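Colleague:
Numbering (the numbering used here), first residue to last: 52 to 684.
1) Alpha carbons only, please: which of 177, 87, 100 is nearest the one belonging to residue 535?
2) With DSSP as the reference, label residue 405 as helix, strand or coil.
3) Under 8 Å between the Cβ atoms of residue 118 and residue 203?
4) Roughly how many whole angstroms lie between the Cα atoms of residue 113 and residue 95?
5) Taking 7 Å as the cut-off, is the CB of residue 494 close to at least one heavy atom of the ligand PLP?
6) Taking the CB atoms as reference points, tell me whether residue 573 and residue 556 lie closer together than 8 Å.
7) Give me, in chain order, the residues of the same chain whose beta-carbon lies closer than 6 Å to that of residue 299; leave out the 5 immediate sequence neighbours on both sides.
8) At the level of alpha carbons, what is the spacing between residue 270 and residue 133?
9) Taking only the alpha-carbon atoms, compute the straight-line gap between residue 160 and residue 517 and give it to the nearest angstrom.
10) Can you tell me whether residue 145 is helix, strand or coil according to DSSP?
11) Give me the Cβ distance between residue 500 and residue 509, rounded to the nearest whole Å; I'm assuming they're in contact under 8 Å.
12) Quick one: residues in its chain with C-beta nearer than 7 Å to the C-beta of residue 647, no 5 flanking neighbours on either side, listed in chain order?
13) Which value, in whole angstroms, describes the spacing of the CA atoms of residue 127 and residue 635?
14) Can you look up residue 338 in the DSSP assignment and give me helix, strand or coil?
15) Do residue 262 and residue 229 have their CB atoms nearer than 8 Å?
16) Using three-state DSSP, classify residue 78 as helix, strand or coil.
17) Can you tell me whether residue 210 is helix, strand or coil according to DSSP?
18) For residue 577, which of 369, 630, 515 has the nearest alpha-carbon?
19) Under three-state DSSP, which class holds residue 497?
20) Along the alpha helix (DSSP H) that carries residue 582, what are the first and last residues, could you check?
21) Give the DSSP-derived three-state secondary structure of residue 353 in the structure shown.
22) Nearest to residue 660 by alpha carbon, out of 650, 587, 617?
23) Assuming residue 653 and residue 607 make a contact with CB atoms under 8 Å, what is their CB distance in whole Å?
24) Counting pairs of Cβ atoms below 8 Å between the segment 317-327 and the segment 372-388, do you hit three or more?
25) In terms of residues, what are the limits of the beta strand (DSSP E) holding residue 568?
26) Could you tell me how far apart the beta carbons of residue 447 and residue 418 are, in whole angstroms, since I believe they sit closer than 8 Å?
27) Helix, strand or coil for residue 508? Go by DSSP, reduced to three states.
28) Just curious, the alpha helix (DSSP H) that residue 282 is in, first and last residue?
29) Please report how far the alpha carbon of residue 472 lies from the alpha carbon of residue 174, in whole angstroms.
30) Compare the C-alpha of residue 188 against each of 245, 595, 550, 621 and name the closest.
31) Say whether the segment 350-370 touches the segment 419-426, bearing in mind that this needs 3 or more beta-carbon pairs closer than 8 Å, one atom from each stretch.
32) Helix, strand or coil for residue 234 per DSSP?
33) Going by C-alpha to C-alpha distance, which of 407, 361, 565, 395 sits closest to residue 612?
34) Distance, Cα to Cα, residue 44 vs residue 463?
35) Measure the CB-CB distance between residue 529 and residue 138 and report whether it falls below 8 Å.
36) To which residues does DSSP link residue 682 through a beta bridge?
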């Protein structure tokens, strides 16, 4: 029997650790923040860029609800290339106050016609590529925005897109974004559509001259503006013909996915070897779906299902619920060790069992979220040592089934073999991202809430710089194809095939208490997302931080799971902490077998809204890391 994790600070550690635990806990609870808590009564809008948050505020002032505001922020942040673009993907959770239900929005694109393991192997690849037209799944964000707006919003598409269209006419670009473009100029210059948008000062005769916009320069996107204008025109024509609001938004949707915009996307992609067809765009659809949920100490936590990594947080909470983590002390060695083990047990399941639930085989989600399965997984934790060989479990018996992949499960390795693709001896797939950059790739986050009771959490992504833009569209295509695998031995549920969604990292979150909204929270950061969100949630629930303290809290990061990007690396035992973790605790982690790295930042920008059920007000938090910003009234 393993030792009870709730009593791990026992006799071996003694009074020294007790003093450290006490100090650690008190400093966490008294933590001062760089940014103040955002307070509001009527509405709140938070996202990754100040101008995009302003778009949300403007939309509320037009009379829109939280869904309208979230859509306006999504449009604005996509226009600003805030590590995403209009050709990326959108994932959302929406609380409807009129029904008391939480619904999920699945607007992740699918692999196009011809995207098979055999195709990529013939290209000499062991994973789909990171960038370019072959990295693109079908665009999801335009469809996701329009479906959310039509089903749950109040305003017209023209009203919601107005701030983004004004920005497409021109806005002063930030230094970080301008410099990011300049750093990718060589690749961007190979695609005429991207070159035209991003490199207005490109001079083939003088490569020493800056090609990207300068900080503060008005960044203009006339082709994107023309595309957005086509959507607004389609809506206006439908309304003039007597169509309803929803039918008019559907007309705009059809123009993007079945009309002249689709034709431009397909032709522009095909010109550079892309696989996307008109049939792919026509067949793709947004799903309004039931989220998955678990209850942690009286709080119902909602996530999207296995087409993203969201269920890992629920699995981790199920394992943690019976552990007295608070008594271990905030960010003590024992607390960090427990978090690390629990997270990696959940992520090992993600790496083998998660995939698109709309395409066979069917993921064993009921078993994965069973609390009895959590008991079994928790029992595997060694209280004294990191387990560098954590493997997926077998959830099938916990849903009265038999695992059809036991043979693959027995052979599964934390680090998939770097096999050479058939016919590509000596080929080494290059990566533009370092392993750390891959773990943190892309994404922004959006939170919105209003006095009527609507609450929205969105984690959009895809089409980050360097994005491939089909000429004439202004639309940067997604790079999500790289999250597929080509070998079922790695994950039989996530092997690329036409019409399937890749298992993404994108993971909005809602929490309810007594059936009423309590929290909306999400974060950017690739494979670190649910690590940060789990710790944010525990900081608020277990350590009683306020929403801004939790958004700025110094988390720990595991790199033991397989990366969802690039070469899908895994680094067992590697843990990042900040200097706030004491030298004693770092030494203790080293004794337990960890490769401890001390870095200044371990957390991506979290955005969150806490709904004060006692006073009926809104509290907002946004990490001081990055440009995340909120506005409230």
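Ideal Cβ placement from N, Cα and C applies to all residues, glycine included.
If you're wondering where the values come from, they're calculated on a predicted model, not measured in any experiment.
Modeller: Answer, in terms of the structure:
1) Indexing the chain shown from 1 puts residue 535 at position 484. Nearest of 177, 87, 100 to residue 535, Cα basis: 177.
2) Looking up residue 405 in the chain shown gives position 354. Coil at residue 405, not helix or strand.
3) Along the chain shown, read from residue 1 onward, the residue named residue 118 stands at position 67. Along the chain shown, read from residue 1 onward, the residue named residue 203 stands at position 152. Yes.
4) Within the chain shown, numbered from 1, the residue matching residue 113 stands at position 62. Within the chain shown, numbered from 1, the residue matching residue 95 stands at position 44. Cα to Cα, residue 113 sits roughly 14 Å from residue 95.
5) Here there are no bound small molecules, and the ligand PLP is not part of this structure.
6) On the chain shown, position 522 is the one that residue 573 refers to. On the chain shown, position 505 is the one that residue 556 refers to. Result no, Cβ atoms of residue 573 and residue 556 do not sit closer than 8 Å.
7) Mapped onto the chain shown, residue 299 falls at position 248. Taken in chain order, the residues that qualify are 286, 289, 290.
8) As a first step, residue 270 is located in the chain shown; it is residue number 219 there, counting from the start. As a first step, residue 133 is located in the chain shown; it is residue number 82 there, counting from the start. Spanning the two alpha carbons is a distance of roughly 14 Å.
9) For the purposes of this step, residue 160 is taken as the residue at position 109 of the chain shown. For the purposes of this step, residue 517 is taken as the residue at position 466 of the chain shown. So the alpha carbons of these two residues sit roughly 19 Å apart.
10) Position 94 of the chain shown holds residue 145. Residue state, collapsed to three classes: strand.
11) One-based indexing of the chain shown puts residue 500 at position 449. One-based indexing of the chain shown puts residue 509 at position 458. Contact flag wrong, Cβ pair sits at about 12 Å.
12) Stepping through the chain shown from its first residue, residue 647 is reached at position 596. Within the same chain, residue 647 has close Cβ partners 626, 628, 637, 640, 641.
13) Taking the first residue of the chain shown as 1, we reach residue 127 at position 76. Taking the first residue of the chain shown as 1, we reach residue 635 at position 584. Between residue 127 and residue 635, the C-alpha separation is close to 46 Å.
14) For the purposes of this step, residue 338 is taken as the residue at position 287 of the chain shown. Reduced to three states, the DSSP call for residue 338 is strand.
15) Position 211 of the chain shown, counting from 1, holds the residue named residue 262. Position 178 of the chain shown, counting from 1, holds the residue named residue 229. Going by C-beta atoms, residue 262 is not nearer than 8 Å to residue 229.
16) In the chain shown, counting from the first residue as 1, residue 78 sits at position 27. Its pLDDT being 42, under 50, residue 78 is placed unreliably by the model, and nothing is read from it.
17) Position 159 of the chain shown, counted from the first residue, corresponds to residue 210. Residue 210: helix per DSSP, three-state reduction.
18) Residue numbering aside, residue 577 sits at position 526 when the chain shown is read from its first letter. Ranking 369, 630, 515 by Cα distance to residue 577 puts 515 first.
19) Within the chain shown, numbered from 1, the residue matching residue 497 stands at position 446. Here residue 497 sits in strand by DSSP.
20) To locate residue 582, count along the chain shown from 1; it is residue 531. 580-592 is the extent of the alpha helix (DSSP H) around residue 582.
21) Working through the chain shown from its first residue, we reach residue 353 at position 302. Strand at residue 353.
22) As a first step, residue 660 is located in the chain shown; it is residue number 609 there, counting from the start. Nearest C-alpha to residue 660: 587.
23) Along the chain shown, one-based indexing puts residue 653 at 602. Along the chain shown, one-based indexing puts residue 607 at 556. Right, their Cβ atoms sit about 6 Å apart.
24) no
25) What you label residue 568 is simply residue 517 of the chain shown in a count that begins at 1. 567-574 is the span of the beta strand (DSSP E), which, as asked, contains residue 568.
26) Counting from 1 along the chain shown, the entry for residue 447 is found at position 396. Counting from 1 along the chain shown, the entry for residue 418 is found at position 367. About 6 Å separates the two Cβ atoms, so the contact holds.
27) Position 457 of the chain shown, counting from 1, holds the residue named residue 508. Residue state, collapsed to three classes: strand.
28) Taking the chain shown and counting its residues from 1, the one referred to as residue 282 is at position 231. Residues 273-291.
29) Sequence index remark: in the chain shown, residue 472 carries index 421 (1-based). Sequence index remark: in the chain shown, residue 174 carries index 123 (1-based). Residue confidence for residue 472 is low, a pLDDT of 38 falling below 50, so the modelled location carries little weight; the figure read from the coordinates is stated next. Roughly 9 Å between the two C-alpha positions.
30) Translated into the one-based positions of the chain shown, residue 188 becomes position 137. When only C-alpha atoms are compared, the closest one is 550.
31) yes
32) The count along the chain shown starts at 1 and reaches residue 234 at position 183. Reduced to three states, the DSSP call for residue 234 is helix.
33) Position 561 of the chain shown, counting from 1, holds the residue named residue 612. Comparing Cα-Cα distances from residue 612 to each of 407, 361, 565, 395, the minimum goes to 395.
34) For residue 44 there is no data in the structure shown, the boundaries of the chain being 52 and 684.
35) To locate residue 529, count along the chain shown from 1; it is residue 478. To locate residue 138, count along the chain shown from 1; it is residue 87. Yes, they are a contact pair.
36) Counted from its first residue, the chain shown places residue 682 at position 631. Paired residues: 96.
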